[in-house]
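The sequence shown begins at 1 in UniProt numbering and counts up by one.
Glycine included, every Cβ here is placed at the ideal spot set by N, Cα and C.
Structure record follows, encoded as structure tokens.
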Amino acid sequence: MQNKSTLKRKFYDSLKRGTGEAYLIAKANPNVDFSNYIIKGALTNYAYDGQAENSRAQYIFNLISLSGKKEKIRKAVLRGLATEREDTWSLTHLFDLVKIYAQHGDEEARKILYDNFLQNPIEGSDWVGSFEILELDGLKGLFFIAEKYGKWLEQNPEDWQDDHLINLFQENNPQLKVKEELQKAAKSNRFIKVYLDNIKKTKANYAKQKHVSGTYSDIVDEVLNSKPFLSFWRKRNLTEADIVEIAERLIVEKDKEKQEKLLEVFDSHRFPLDSEFVLQLAKQKPTSKNRIREYAIDALTYLKSESIRQFALDKIPKSNRPQQYINILYSNYKEGDAKLLMEVATKFKSEQMMENLAVSYIDIFEANPTQECREPLEVLYSKMTCGLHRNSLVKILIGNNVLSERIKNEIPYDSDLETRELLGE
């Protein structure tokens, strides 16, 4: 029998990560008061990337349902929505949680949700709360949002709105003629008209913007002159001939700045010529003058040879940023490497490092299916706060038939909806 302090520590650790262990602990220990930790999880979105990850509000609400201090938690949640004005993703989390209270018939929660929409908004986050209002009250909610935006725009004429929210609501409600309904409402509500007029103005301003594409003599010229460089090449579909042409130019190029630009192409495309050339660039001494060494290491991810593999194995244990070398195992993994990956995962603690390692390990074990993935992935599972990548880890464990009973029992109560559904699949 574990003592209460140990139980609470395990509960809070699980809650922050978003795993189902917290629910199982609370359910098995109804006489232990976890309310202070639930409140922390209600007021703060602990997800590694709150922007990318789905809401954890239902996860927290499920924990609240097991608590003997429901009213204490409820008051803290409503107070939190009225006071949070710093963290966008904690605020979205609170709006969603208060929405769930309102859906269960809590009229005070509904009022507080409406009262706090566009109330001293966080800069760049004036949309927070709009989706919850729409989900709660549909077209009526949209009229409220449009009126509130209109009042705000009248006081802040330099601001702007687009029609993204309207289009999304139309997509989710195909039975309605949303724009027509807004136009009708605007006839008797000047603030809705201000909102719609602002959207028209925004569209007109976009139409005036000119996007001029450059003219290049060949693919190499385009590489050397296109900006922004990174986003361009990750989206660009290069032909095999394009890639060879860029590689051939890289081998003979002496200008460091041009080398850097050419080499960056191969962080997402396989270098088609002699891999030893890239390896020698990766072995250069670090310098602040360019990123050639860094890009070369990235390019090794898609190249396979014993010398490249050994380069990675030599660097991984010594590096404070091992993920850039670990990525090389994507094409160079061998049975037994899981032991090294487990040691690295055990060594580090920071959330950012756990996220970086998770991305690398997922890529490696998706490309190299093996039952020895279990131990390193379970170490990450027990440390990381990213629900999205935890989903990928669990999929790999299931796919390799090494899912432990402990994790299997936690999955139905995970913070991520798609993870909760994995066992059903």
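- ASN332 is classed as buried because its beta carbon has at least 16 other beta carbons within 10 Å across all chains shown.
- Using a Cβ distance threshold of 8 Å, GLU410 and THR6 do not count as a contacting pair.
- Taking C-beta separations shorter than 7 Å and ignoring five residues to either side along the sequence, the partners of ASP49 in its chain run CYS386, following chain order.
- Counting only residues of its own chain and dropping the five nearest sequence neighbours on each side, LYS179 has a CB closer than 7 Å to the CB of ILE166.
- Boundaries of the alpha helix (DSSP H) around PRO376: 374-381.
- Secondary structure note for ARG17: its alpha helix (DSSP H) is the uninterrupted segment 4-17.
- In this structure, TYR114 and ARG74 do not form a Cβ contact; the two beta carbons are roughly 17 Å apart against a cut-off of 8 Å.
- The C-beta distance from LEU94 to GLY105 rounds to 19 Å, too long to meet the 8 Å contact threshold.
- In this structure, GLU71 keeps its C-beta atom at 8 Å or more from the C-beta atom of LYS99.
- Using a 10 angstroms sphere on the CB of ILE122, the tally of other CB atoms stays under 16, which defines it as exposed.
- Per DSSP, TYR46 lies in no alpha helix (DSSP H) and is assigned neither H nor E.
- Spanning the alpha carbons of MET384 and LYS193 requires a straight line of approximately 47 Å.
- Under the 10 Å beta carbon count, TYR46 is surrounded by 16 or more other beta carbons and is classified as buried.
- When secondary structure is reduced to three states using DSSP, GLN119 falls in the coil class, being assigned neither helix nor strand.
- Per the C-alpha coordinates, the member of LYS256, PHE11, LYS40, GLY41 positioned closest to VAL32 is PHE11.
- Here the C-alpha atom of ASP13 lies approximately 54 Å from the C-alpha atom of LYS187.
- Within the same chain, TYR149, LEU153, TYR195, ASN198, ILE199, THR202 come within 8 Å of GLN161 by CB-CB distance, once the 5 residues on both sides are set aside.
- In the DSSP annotation of this structure, the continuous segment of the alpha helix (DSSP H) that includes PHE311 starts and ends at 306-315.
- Distance from the CA atom of ILE396 to the CA atom of ILE362, rounded to whole angstroms, is 8 Å.
- Under the three-state reduction of DSSP, TYR149 is assigned to helix.
- Spatial neighbours of GLY399 in its own chain (CB-CB distance under 8 Å, excluding positions within 5 residues in sequence) are listed in chain order as PRO369.
- Rounded to whole angstroms, the separation of the alpha carbons of ALA109 and LEU423 is 34 Å.
- If you look at TRP127, you'll find it isn't in any alpha helix (DSSP H); DSSP assigns it neither H nor E.
- ASN36 has its alpha-carbon roughly 12 Å from the corresponding atom of GLY68.
- Apart from the 5 residues on each side of it in sequence, THR92 sits with its Cβ closer than 6 Å to the Cβ of VAL128 in its chain, given in chain order.
- When C-beta atoms of the region 299-309 are compared with those of the region 262-275, three or more pairs fall below 8 Å, so the two segments count as touching.
- For the options GLY124, THR83, LEU136, ASP87, the alpha carbon positioned closest to that of GLU107 is the one of LEU136.
- As the crow flies, the alpha-carbon of MET354 is around 13 Å from that of GLN324.
- DSSP places TYR413 outside any alpha helix (DSSP H), giving it a letter other than H or E.
- Note that the C-beta distance between THR419 and ARG390 is below 8 Å.
- With respect to the C-alpha of LEU262, the residue from THR287, LYS40, LYS289, ASP221 having the closest C-alpha is ASP221.
- Looking at the backbone, the Cα of ALA57 and that of GLN119 are separated by about 21 Å.
- The Cβ atoms of VAL223 and ILE246 lie closer than 8 Å to each other.
- Cβ neighbours of ASP416 within its own chain (closer than 8 Å, five residues either side excluded): GLY18, GLU53, ASN54, GLY387, LEU388, ARG390, ASN391.
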